[in-house]
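Data block below; observations after.
Protein chains: 2
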Amino acid sequence: MGDRQVPDIVVGRLPIYLRALTFLKADNREITSSQELGDRLGISSAQIRKDLSHFGEFGKQGTGYEIRYLENNLKEILHVDRMWDVVLVGAGDLGNALASYKGFAGRGFHVAAAFDADPDKIGHEMPGGLLIEDVANLEARVQAAGWKIGIIAVPADAAQSVANTLVGAGVIALLNYAPISLIAPSSVRVEQIDPAVHLQHLTYYLG
Amino acid sequence: MGDRQVPDIVVGRLPIYLRALTFLKADNREITSSQELGDRLGISSAQIRKDLSHFGEFGKQGTGYEIRYLENNLKEILHVDRMWDVVLVGAGDLGNALASYKGFAGRGFHVAAAFDADPDKIGHEMPGGLLIEDVANLEARVQAAGWKIGIIAVPADAAQSVANTLVGAGVIALLNYAPISLIAPSSVRVEQIDPAVHLQHLTYYLG
Numbered sequence: 100m101g102d103r104q105v106p107d108i109v110v111g112r113l114p115i116y117l118r119a120l121t122f123l124k125a126d127n128r129e130i131t132s133s134q135e136l137g138d139r140l141g142i143s144s145a146q147i148r149k150d151l152s153h154f155g156e157f158g159k160q161g162t163g164y165e166i167r168y169l170e171n172n173l174k175e176i177l178h179v180d181r182m183w184d185v186v187l188v189g190a191g192d193l194g195n196a197l198a199s200y201k202g203f204a205g206r207g208f209h210v211a212a213a214f215d216a217d218p219d220k221i222g223h224e225m226p227g228g229l230l231i232e233d234v235a236n237l238e239a240r241v242q243a244a245g246w247k248i249g250i251i252a253v254p255a256d257a258a259q260s261v262a263n264t265l266v267g268a269g270v271i272a273l274l275n276y277a278p279i280s281l282i283a284p285s286s287v288r289v290e291q292i293d294p295a296v297h298l299q300h301l302t303y304y305l306g
Numbered sequence: 100m101g102d103r104q105v106p107d108i109v110v111g112r113l114p115i116y117l118r119a120l121t122f123l124k125a126d127n128r129e130i131t132s133s134q135e136l137g138d139r140l141g142i143s144s145a146q147i148r149k150d151l152s153h154f155g156e157f158g159k160q161g162t163g164y165e166i167r168y169l170e171n172n173l174k175e176i177l178h179v180d181r182m183w184d185v186v187l188v189g190a191g192d193l194g195n196a197l198a199s200y201k202g203f204a205g206r207g208f209h210v211a212a213a214f215d216a217d218p219d220k221i222g223h224e225m226p227g228g229l230l231i232e233d234v235a236n237l238e239a240r241v242q243a244a245g246w247k248i249g250i251i252a253v254p255a256d257a258a259q260s261v262a263n264t265l266v267g268a269g270v271i272a273l274l275n276y277a278p279i280s281l282i283a284p285s286s287v288r289v290e291q292i293d294p295a296v297h298l299q300h301l302t303y304y305l306g
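Chains as they are written, first to last, in our numbering: chain A, 100 to 306; chain B, 100 to 306.
Right under this line is the structure:
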């Protein structure tokens, strides 16, 4: 499990495979193939087999992949066979959307706390019921709780400062929604969600 | 430009390269290298050179890439050397965040119209000033305007129906935020934004 030599680009595809397997399982399917997964995902079947081969032998020649077995293995590999508390910073429109996001359920994540700097928001409930806390207490709360994962949903001009606070308090994985390039120590993993990147991927195919 | 044989996985990395170049330019940098880009992005320099070589010769041996030149070329290749109108469906928290998103500026996209089914929202302004229109008029409006790109920011149980309407009206590129696997004709490109996928990429590296 978790061979450290696996290229990050391969690692980044594993959650996509896991999601596809979960969708197939929801359709009461039991067996799939690299061909079927590839067709669904726009990835070649050879690439999928090669990616998975970094982690073991999950399929049988001629019979394909047992969906539940491969799903469980990918959950273990990605460490989402457990629940992770996530700390959310930013209780604006995006933060509200994330606090009530239905796509976290059963996939390993739970928004444990939310913070904002706006006195009009602090103490109020977000959609989903989470109480908005004062960002002034962010560092102490993260340290006390030992949260390792943070979501940054604040405006661009506040994002680096929030990242610094989170990292200073012990967070080692950041999901950044702000349209800036965060600076973080190399020991901290950063993922960015950037709708313009996805739209540009789409417009490549438009004339 | 736009060699149809380029693997989609390569295409998907071009907007990441473009964003990195834009950040470098903002730092008043003029020249970069595949090594520097790779270090910033966690992608090998060989991969970056190979990806770019699908589209031409952008660097000079020993001197690297001229940032502005490569940026302009990538904009052309991704067809974001122009502005694209995007139609947004869903004026909830996520839609509001997208309507005022600062990361679209200068990157090829403009939210041209927004629709919702909620009578309490229709006719009201979103953050940024866009008027929320009745989703009942979505098909006619898309057809009349000729919009090709749609963003789906509605709840999961409404997303497929919205996708069907958009596609029926002529949209050929969808950015889906709903946590479901959209079904669309093969002529329609779909990208999904799924924070759980990014969080799972991060937890791979957490013990």
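Here a beta-carbon is modelled for each residue, glycine too, at the ideal position from N, C-alpha and C.
**Message:** Please report the distance separating the alpha-carbon of residue 181(B) from that of residue 281(A).
**Reply:** As a working note, residue 181(B) is residue 82 in the second sequence. As a working note, residue 281(A) is residue 182 in the first sequence. The alpha-carbon atoms of residue 181(B) and residue 281(A) are separated by roughly 27 angstroms.
**Request:** Figure out for me which residue from 179(A), 258(A), 304(A), 155(A) has the closest Cα to the Cα of residue 214(A).
**Result:** Within the first sequence, the letter at position 115 stands for residue 214(A). The shortest C-alpha separation from residue 214(A) is found at 258(A).
**Message:** Any C-beta of chain B within less than 8 angstroms: which residues of the stretch 217 to 248 of chain A qualify?
**Reply:** Per Cβ criterion, the list reads 226, 247, 248.
**Asked** Ends of the beta strand (DSSP E) at residue 213(B)?
**Response** As a first step, residue 213(B) must be located in the second sequence, where it is residue number 114. 208 to 215 is the span of the beta strand (DSSP E), which, as asked, contains residue 213(B).
**Message:** Restricting to Cα atoms, I'd like to know which of 126(B), 141(B), 217(B) is closest to residue 288(A).
**Reply:** Numbered from its first residue, the first sequence carries residue 288(A) at position 189. Answer by Cα proximity: 141(B).
**Request:** At 8 angstroms on the CB atoms, spell out the chain A contacts of residue 191(B), in chain order.
**Result:** Along the second sequence, read from residue 1 onward, the residue named residue 191(B) stands at position 92. Annotation: Cβ neighbours of residue 191(B) in chain A (cutoff 8 angstroms, chain order): 196.
**Prompt:** If you scan the stretch 102 to 171 of chain A from start to end, which runs of the alpha helix (DSSP H) of 4 or more residues do you find wholly inside it?
**Reply:** You should have 107 to 125, 133 to 140, 144 to 152.
**Message:** For residue 254(B) and residue 155(B), I'd like the C-alpha separation in whole angstroms.
**Reply:** Taking the first residue of the second sequence as position 1, residue 254(B) is located at position 155. Taking the first residue of the second sequence as position 1, residue 155(B) is located at position 56. Near 42 angstroms, if we compare the C-alpha coordinates of residue 155(B) and residue 254(B).
**Message:** Going by beta-carbon coordinates alone, are residue 299(A) and residue 114(B) separated by less than 9 angstroms?
**Reply:** Position 200 of the first sequence, counted from the start, is the residue given in the question as residue 299(A). Position 15 of the second sequence, counted from the start, is the residue given in the question as residue 114(B). Yes, the pair counts as a contact, with Cβ atoms nearer than the cut-off.
**Asked** Given a limit of 8 angstroms on CB to CB distance, which residues of the stretch 199 to 210 of chain A reach chain B?
**Response** Taking 8 angstroms as the Cβ-Cβ cut-off against chain B, the residues of the stretch 199 to 210 of chain A that qualify are 199, 200, 201, 202, 203, 206, 207, 208.
**Asked** Count the other CB atoms within 10 Å of the CB of residue 223(A); is the residue buried (16 or more) or exposed (fewer)?
**Response** What you label residue 223(A) is simply residue 124 of the first sequence in a count that begins at 1. Label assigned to residue 223(A): exposed.
**Request:** Reducing DSSP to helix, strand and coil, say where residue 269(B) ends up.
**Result:** Mapped onto the second sequence, residue 269(B) falls at position 170. Residue 269(B) falls in the coil class under three-state DSSP.
**Request:** Decide if the stretch 157 to 173 of chain B is in contact with the stretch 192 to 204 of chain B; the criterion is three or more beta carbon pairs, one per stretch, under 8 angstroms apart.
**Result:** no
**Request:** Indicate whether at least one CB of chain B lies closer than 9 angstroms to the CB of residue 257(A).
**Result:** Within the first sequence, residue 257(A) is the residue found at index 158, counting from 1. So, not an interface residue.
**Request:** Please check if any C-beta of chain A sits within less than 9 angstroms of the C-beta of residue 153(B).
**Result:** Position 54 of the second sequence holds residue 153(B). No, no contact with chain A.
**Asked** For chain A, is any of its Cβ atoms less than 9 angstroms away from the one on residue 261(B)?
**Response** Position 162 of the second sequence, counted from the first residue, corresponds to residue 261(B). Using a Cβ-Cβ cut-off of 9 angstroms, residue 261(B) does not count as an interface residue toward chain A, since no Cβ of chain A sits closer than that to its own.
**Message:** The alpha helix (DSSP H) that contains residue 240(B), what's its start and end?
**Reply:** For the purposes of this step, residue 240(B) is taken as residue 141 along the second sequence, with counting starting at 1. Taken as a continuous stretch (DSSP letters only), the alpha helix (DSSP H) holding residue 240(B) covers 237 to 244.
**Message:** For residue 151(A), which residues in the same chain have their Cβ closer than 6 angstroms to its Cβ, ignoring the five residues on either side in sequence?
**Reply:** Counting from one through the first sequence, the residue named residue 151(A) turns up at place 52. Taken in chain order, the residues that qualify are 157.
**Prompt:** residue 219(A) by DSSP, collapsed to three states: which one?
**Reply:** As a first step, residue 219(A) is located in the first sequence; it is residue number 120 there, counting from the start. Residue state, collapsed to three classes: coil.
**Request:** Would you kindly work out how many angstroms separate the C-alpha atoms of residue 119(A) and residue 205(B), rounded to a whole number?
**Result:** Along the first sequence, one-based indexing puts residue 119(A) at 20. Along the second sequence, one-based indexing puts residue 205(B) at 106. Cα-Cα distance, rounded: 34 angstroms.
**Prompt:** My guess is that residue 296(B) and residue 250(B) are in contact by the Cβ rule of under 8 angstroms, so how many angstroms apart are they, rounded?
**Reply:** Within the second sequence, the letter at position 197 stands for residue 296(B). Within the second sequence, the letter at position 151 stands for residue 250(B). Wrong, their Cβ atoms sit about 18 angstroms apart, outside the cutoff.
**Message:** Quick check: the Cα distance between residue 279(A) and residue 162(A), rounded to an integer number of angstroms?
**Reply:** Walking along the first sequence from the start, residue 279(A) turns up at place 180. Walking along the first sequence from the start, residue 162(A) turns up at place 63. Looking at the two C-alpha atoms, the distance is approximately 46 angstroms.
**Request:** Please confirm whether residue 260(B) and residue 227(B) have their CB atoms less than 9 angstroms apart.
**Result:** Counted from its first residue, the second sequence places residue 260(B) at position 161. Counted from its first residue, the second sequence places residue 227(B) at position 128. Their beta carbons are not under 9 angstroms apart, which means residue 260(B) does not touch residue 227(B) by this criterion.
**Message:** By the DSSP assignment, the beta strand (DSSP E) with residue 188(B) in it spans what residues?
**Reply:** Start at 1 with the first residue of the second sequence, and residue 188(B) comes out as number 89. 183 to 188 is the span of the beta strand (DSSP E), which, as asked, contains residue 188(B).
**Message:** Can you tell me where the alpha helix (DSSP H) holding residue 249(B) begins and where it ends?
**Reply:** In the second sequence, residue 249(B) corresponds to position 150, counting from 1. Note, residue 249(B): premise wrong, no alpha helix (DSSP H); beta strand (DSSP E) at 248 to 251.
**Asked** Going along chain A in order, which residues have a C-beta closer than 8 angstroms to the C-beta of residue 290(B)?
**Response** As a first step, residue 290(B) must be located in the second sequence, where it is residue number 191. By Cβ distance, chain A contributes 297, 298, 300, 301.
**Request:** Would you grab the beta carbon distance between residue 292(B) and residue 272(B) for me? Rounded to a whole angstrom, and I think it's under 8 angstroms.
**Result:** Position 193 of the second sequence, counting from 1, holds the residue named residue 292(B). Position 173 of the second sequence, counting from 1, holds the residue named residue 272(B). In fact, because the Cβ distance is near 14 angstroms, the residues do not count as touching under 8 angstroms.
**Message:** Looking at chain A, is there any beta carbon in it that lies within less than 9 angstroms of the beta carbon of residue 169(B)?
**Reply:** Taking the first residue of the second sequence as 1, we reach residue 169(B) at position 70. Answer no: the Cβ-Cβ gap between residue 169(B) and chain A never drops below 9 angstroms.
**Request:** With 8 angstroms as the C-beta to C-beta threshold (strictly closer), list the residues of the stretch 109 to 122 of chain B near chain A in chain order.
**Result:** 110, 111, 113, 114, 115, 117, 118, 119, 122
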